[in-house]
Each structure stands twice: as structure tokens, then as C-alpha cells.
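*Asks:* Protein chains in written order, with our numbering: chain D, 1 to 245; chain H, 1001 to 1245.
A virtual CB, placed ideally from N, CA and C, is assigned to each residue, including glycine.
Got a structure for you, written out below as C-alpha cells; questions coming shortly.
There are 2 protein chains.
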Amino acid sequence: MSNKILNNYISVDCVIFGFDFEKLNVLVVDRTLIKDNGEIDFTDLTLTGNHIYEDETIVEAADRIIYDLTGLRNIYLEQFKTFAAPDRLKKENDRKWLLFNDRNPDNRIVSIGFFALLATQKVTLEWKGRNVRWMPVDEITELGFDHKLILSEALIAMRNKLIHEPIGFELLPEKFTLTQLQKVYEIILDTTFDKRNFRKKVARMKYLIPLDEKQKGVAHKPARLYMFSREVYEKTRKEILNFLV
Amino acid sequence: MSNKILNNYISVDCVIFGFDFEKLNVLVVDRTLIKDNGEIDFTDLTLTGNHIYEDETIVEAADRIIYDLTGLRNIYLEQFKTFAAPDRLKKENDRKWLLFNDRNPDNRIVSIGFFALLATQKVTLEWKGRNVRWMPVDEITELGFDHKLILSEALIAMRNKLIHEPIGFELLPEKFTLTQLQKVYEIILDTTFDKRNFRKKVARMKYLIPLDEKQKGVAHKPARLYMFSREVYEKTRKEILNFLV
DNA sequence: TTTAATAAGTGTACTATCAACACTATCAAA
DNA sequence: TTTGATAGTGTTGATAGTACACTTATTAAA
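This is the structure we're talking about:
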């Protein structure tokens, strides 16, 4: 084994999940390079990533990436894994990498993976005119670099978190109905729940606050709207931890 | 904000937790530098870390670090977080860092944090004669660099995992008693459990296999020994996931 | 060989949560 | 006013959680 230590380039890659009440999407960047004669030289899709600047923390870099692409701040964001196989960007991808970067392919690229959760409707994709678009998770068959792997691991981490902690509402507008919340869980965890049992469970979660407000303009009985209260959540969480989980 | 991108040095830092039936310990490295005249120039404790070599994956580097320090392979290991504040190793620690390293302090040091779980008795600390020793977690008040922060985050991640997944036995010898297992949970989660209820719960976990073997040489009724079966665990886990968690 | 010390091992009654299941209410649009 | 669509609601049986005290098997000391 070689004991040589590589130079390393750090990038923060964000898997931005967006829910549109029907399916789970990921924000992808369309990298298309046009030749001088107008033909497409090369095209692929990648996750959204960037470098960490000199005076930034990792989280600041991730926040900046989210802001650049969506125009949004204070989005739910979680660091889930770091990727750094020595040859992860080489082999088949070398040429693509060099097309878009001037870096030395001998260096190792280390990606710190984050996932973000938001409601697609919050985002105006025309923001800054980037080649960015939503793509349903289950239609993504290929991504540039090793971003397919990063997406898979993000999905695992996100599902795991969704099962154990109340983050489902992060994929919905601030005010949401219980049916919408149930759909978040059903679609992401690929299952179905009994409506009455789901509501009984929600009723026990004191941090989901029922509002005196209903849906408007729907062609059926309008549903009551709910909000998440972080304050109540932190309080009950502490109580639980005091008596131990 | 500066858009300058730093050079980055990647290190893999391992928080090696060891349980000795009574308390949770961490493997720390004693860094003591002696002056020419025999006086101690400087001393502190740090976590165990190292660089990633050219042809290694992150996990291989972590495995190598564990092996170098303990002589053990196939230890439970989990990547939990990556640390990279721009000034994390500077300020007060600059001198210490330079004493032990020839690197440029302007570069950013990125640490990929792992935690490992094992029974202290498995380790022969004389291995390779390193300045390495066990230290009880709750006696660690200070560590070099920002390793105290890394330790805190490792503890949070480890406790969280311990609550949600069966990893407690990783801190015990291959064959263990239920009282030993109960103690793992009680000490790490800082609580107590009722013995009968704990055993009822364990009885439901089919992957904890009772053996036809008992403790020997103890001055009380000898306890039955148990083993973890990964095979049974993977099977029941799949069944659970099929019907959804 | 008896006794003391120590931890192992075991059951029950009550409460809370889980899981399965079907009908009525309210709104917009036709 | 009828139709279509989704909201909203209770009960029962099974499973898991919680609180609680005594007997048993072994070694060491008397």
C-alpha cells in the first residue's frame, strides 16, 4: 500500500428534496456543453454542489448553495455522510470532470453530503437563471460523477430520520392538512397507513398544532390546517429524554 | 465574504469507545514532548486520527487506524460527522499543532469523524508500544485540537444509534450475560431499567440467542450467556421493513 | 459443613399503544 | 339538486409497557 497523501479538494454536495404533494423530487443541475458548431458536446445531470470558501464553515457553505439555487434561507439541512473514494471521480467520468473543471484529476475530491427538505412550491426556479430543475426521485436513473451513490445514501439517511424524528412537515408549506402529512410518509416510505390510526397518532404529538383555519377553494369538504411548533417539540423532547427513551 | 478556496488536509479521526462492564471509556493518545534538558515541553491528550493514503477509501483509513491502535480488525465502525470550521485548529492550538506537524497552518484541516465500539478487554494496549490509553468518558475534561467537540458529537450520535438499533452487544465480549447488556444501556444512557421488563424485551428480540452455557467462577448464581446473531437480525429487519416501520 | 454474600432468574395486574375496520359530513361544480 | 371528492370520526381485540418482590445457585468465609 502507498503511504502517499493526496491533495484534497472539498466540495459540499446538497441533495435538495422537494415534495409537491404527489411525489418526492430532487433538484438537479443540467450540465450541457455546446460545441462551437452548435451541436451538443456533452450533457448530464448532477446534484448541486460547490466549494467551501476560505472563511466559511461547512454549514455556511451548504446554506449558500441552497440559497444560490432556490433563493431560500433557513431550510431544513442535515449533514449525512462524506464521500472520498480515491478514484471516485475518475475512470469513466474523467473527461466530464475536466470539461467543467480545471483541476488536477490526480487530486482526491472529497464531498461532504447534505440533504435538504422543502416544499417544491416554495422555490422559484427562474431564480438566477440556473440550469436547475426538479426531477422525481424514482425517475433518476443516472447522475454525473458518483452523485447517484450520494443520492441513494441521502435517501437512506432521510428515510431513517423521517421514521425517528418529526421532520415530515419540512416537506410541506407552513400550514398543511393531515392528509398531506400522511402522504409525505406514505410516498417517501412507500407504504400506506390507515387514516384513523394515523390521525390518532398525530393527536398524541402535541407539537402538531391544529389551527382555526381551513383549506379554501377545494371541491370537497375543506380540511383543517395544522402547524408544527418547534417550541412545543423541544419541550416535550426534553421531558421524554429526562425520563429516558 | 472571501471566495478564496483553501487547500484542505483530510484526516480521519476515530472515537474508539471501550466498555469494561462498569463504565464507558475512550481511547486517547498521550502527546508529550520532552525538551532537550528532559523537562516536559508540552503535553495533551487527543483522539486517534490519521490521514487517508493515496489508494485508500475513507473506511479503509478508519480500519487501519483502529488496527494500528488496538491490533483488532472487523470492529464496529460508523462515520458520524465531518468537521471543517475554517479556524478550528488555530487560535489557541496553533503552537501545539505545529509542534507535531509540519503543515501550513493556513490550510484547512477537515476531520471525518468515526466512532468505534468494542470491549476494552479485547485490546492489548502494549500493542506497538503507542502512547495510548483508556480514559473514562466522564473524566475527559479537555482534549487537544477540537477533539472535545468531536467526542461530544460522537457521544450524541452513538447514544442515538444505541436507542434505535441493536448495537449494545458490540461493547461486550462475544458471549455476554443479560445483566451485562442491561448495564451497557444503563450506563451509556444514564438511567436504570427494571430487570424483569428488560428481559421481557430482550426475549422478543429473536437475534439475541441464549446459549447452553453459563458464567464460571462467579461467587453467585452463574448467569446464562447470550450471543448476537447477525443472520437472524438481518432477516427480522427485512420482515419489519417489508411491513414498514 | 454451615452460613453469609451476591447476583440470577421469574409472574402478574394494570395501562397504553397498535391494528383492523365503514360510515357520515361538507364543499364545488355540473 | 345532484354528483364527485375528500374530511372526519369510534370500537374492539391484541400487543407492548410499567410497576413491583421473592426464590435459587454459586463461592467464600466462618
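Identify the continuous alpha helix (DSSP H) that holds Asp-36 (chain D) and give its terminal residues.
*Replies:* Here Asp-36 (chain D) belongs to no alpha helix (DSSP H), and DSSP marks it neither H nor E.
*Asks:* Kindly list, in the order they appear in chain H, the residues whose Cβ is closer than 9 Å to that of Gln-79 (chain D).
*Replies:* Lys-1081 and Thr-1082
*Asks:* Starting from Gly-113 (chain D), follow its DSSP beta bridges and name the residues at the other end.
*Replies:* D:Asp-13 and D:Lys-81
*Asks:* For chain D, check one thing: does any of its Cβ atoms lie closer than 8 Å to the Cβ of Ile-1052 (chain H)?
*Replies:* yes
*Asks:* Could you work out which residues of chain D lie near Ile-1058 (chain H), taking near to mean beta carbons separated by less than 9 Å?
*Replies:* Thr-82, Phe-83, Ala-84, Ala-85 and Val-110
*Asks:* Can you give, in chain order, each stretch of the alpha helix (DSSP H) that sits fully within the segment 203 to 242 of chain D and has at least 4 residues?
*Replies:* 230 to 242
*Asks:* Quick check on Asp-1041 (chain H): buried or exposed, where buried means 16 or more other Cβ atoms within 10 Å of its Cβ?
*Replies:* exposed
*Asks:* Consider the Cβ of Val-1015 (chain H): report whether some Cβ of chain D lies at a distance smaller than 8 Å.
*Replies:* no
*Asks:* For Met-1205 (chain H), which of H:Glu-1213, H:Asp-1194, H:Met-1227 and H:Thr-1057 has the nearest alpha-carbon?
*Replies:* H:Met-1227
*Asks:* In or out: Asp-1190 (chain H) buried (at least 16 other Cβ within 10 Å) or exposed?
*Replies:* exposed
*Asks:* Could you tell me whether the segment 11 to 24 of chain D touches the segment 159 to 167 of chain D, where touching means 3 or more Cβ pairs closer than 8 Å?
*Replies:* no
*Asks:* For a cutoff of 8 Å on Cβ pairs, would you count Asn-1008 (chain H) as touching chain D?
*Replies:* yes
*Asks:* Taking 8 Å as the cut-off, decide whether the C-beta atoms of Arg-1199 (chain H) and Leu-1171 (chain H) are in contact.
*Replies:* no
*Asks:* Need the endpoints of the beta strand (DSSP E) that Val-1132 (chain H) sits in, please.
*Replies:* 1132 to 1136
*Asks:* Which bits of chain D does His-1164 (chain H) rub up against, with CB to CB less than 7 Å?
*Replies:* His-164
*Asks:* Check Gly-144 (chain D) in the structure and name its three-state DSSP category.
*Replies:* coil
*Asks:* Using 8 Å as the cut-off, can you tell me whether the segment 41 to 51 of chain D makes contact with the segment 10 to 18 of chain D, which would need three or more C-beta pairs spanning the two stretches below that distance?
*Replies:* yes
*Asks:* Quick check on this structure: which residue in D:Leu-181, D:Lys-175 and D:Ile-156 has the alpha carbon closest to the alpha carbon of Gly-168 (chain D)?
*Replies:* The shortest Cα separation from Gly-168 (chain D) among D:Leu-181, D:Lys-175 and D:Ile-156 belongs to D:Leu-181.
*Asks:* Looking at C-beta atoms only, is the number of pairs between the segment 106 to 121 of chain D and the segment 61 to 79 of chain D that lie closer than 8 Å three or more?
*Replies:* yes
*Asks:* What are the uninterrupted segments assigned as alpha helix (DSSP H) that are 4 or more residues long and contained completely in the segment 138 to 200 of chain D, given in chain order?
*Replies:* 147 to 164 and 178 to 188
*Asks:* For Lys-214 (chain D) versus Arg-224 (chain D), is the C-beta distance shorter than 8 Å?
*Replies:* Less than 8 Å divides the Cβ of Lys-214 (chain D) from the Cβ of Arg-224 (chain D).
*Asks:* Cα separation between Ser-247 (chain D) and Ile-34 (chain D)?
*Replies:* Absent from the model: residue 247 (chain D). The displayed extent of chain D is 1 to 245, so no value can be given.
*Asks:* Based on Cα-Cα distance, which residue from H:Phe-1019, H:Tyr-1009, H:Val-1029 and H:Asn-1008 lies nearest to His-1147 (chain H)?
*Replies:* When only C-alpha atoms are compared, the closest one is H:Val-1029.
*Asks:* With distances taken between CB atoms, is the gap from Ile-1052 (chain H) to Ala-84 (chain D) smaller than 8 Å?
*Replies:* yes
*Asks:* With the cut-off set at 8 Å, would you say Tyr-9 (chain D) and Val-132 (chain D) are in Cβ contact?
*Replies:* By the CB criterion at 8 Å, Tyr-9 (chain D) and Val-132 (chain D) fall outside the cutoff.
*Asks:* I'd like to know whether the C-beta atoms of Glu-78 (chain D) and Phe-114 (chain D) end up nearer to each other than 8 Å.
*Replies:* yes
*Asks:* For Ala-62 (chain D), which residues in the same chain have their Cβ closer than 7 Å to its Cβ, ignoring the five residues on either side in sequence?
*Replies:* Val-12, Cys-14, Leu-77 and Phe-114
*Asks:* Please say whether Tyr-1207 (chain H) and Pro-1166 (chain H) have beta carbons closer to each other than 8 Å?
*Replies:* yes
*Asks:* Classify Glu-56 (chain D) as buried or exposed, calling it buried when 16 or more other Cβ atoms lie within 10 Å of its own Cβ.
*Replies:* Glu-56 (chain D) is classed as buried because its beta carbon has at least 16 other beta carbons within 10 Å across all chains shown.
*Asks:* Taking the C-alpha atoms as reference points, what is the distance between Thr-1236 (chain H) and Leu-155 (chain D)?
*Replies:* 22 Å
*Asks:* In three-state terms, what does DSSP make of Val-1123 (chain H)?
*Replies:* Three-state result, Val-1123 (chain H): coil.
*Asks:* Give a yes or no on whether the C-beta atoms belonging to Gly-144 (chain D) and Asp-36 (chain D) are separated by under 8 Å.
*Replies:* no
*Asks:* How many whole angstroms separate the CB atoms of Thr-82 (chain D) and Ile-1112 (chain H), which I take to be in contact at a CB cut-off of 8 Å?
*Replies:* 5 Å
*Asks:* Quick one: what's got a C-beta closer than 7 Å to Arg-103 (chain D)'s C-beta in the same chain, skipping five residues either side?
*Replies:* Note on Arg-103 (chain D): pLDDT 48, under 50, position unreliable in the model; no value is reported.
*Asks:* Could you give the C-beta distance for Glu-1186 (chain H) and Phe-1176 (chain H), rounded to a whole number, given that I count them as a contact under 8 Å?
*Replies:* The pair is not a contact, with the Cβ atoms about 14 Å apart (cut-off 8 Å).
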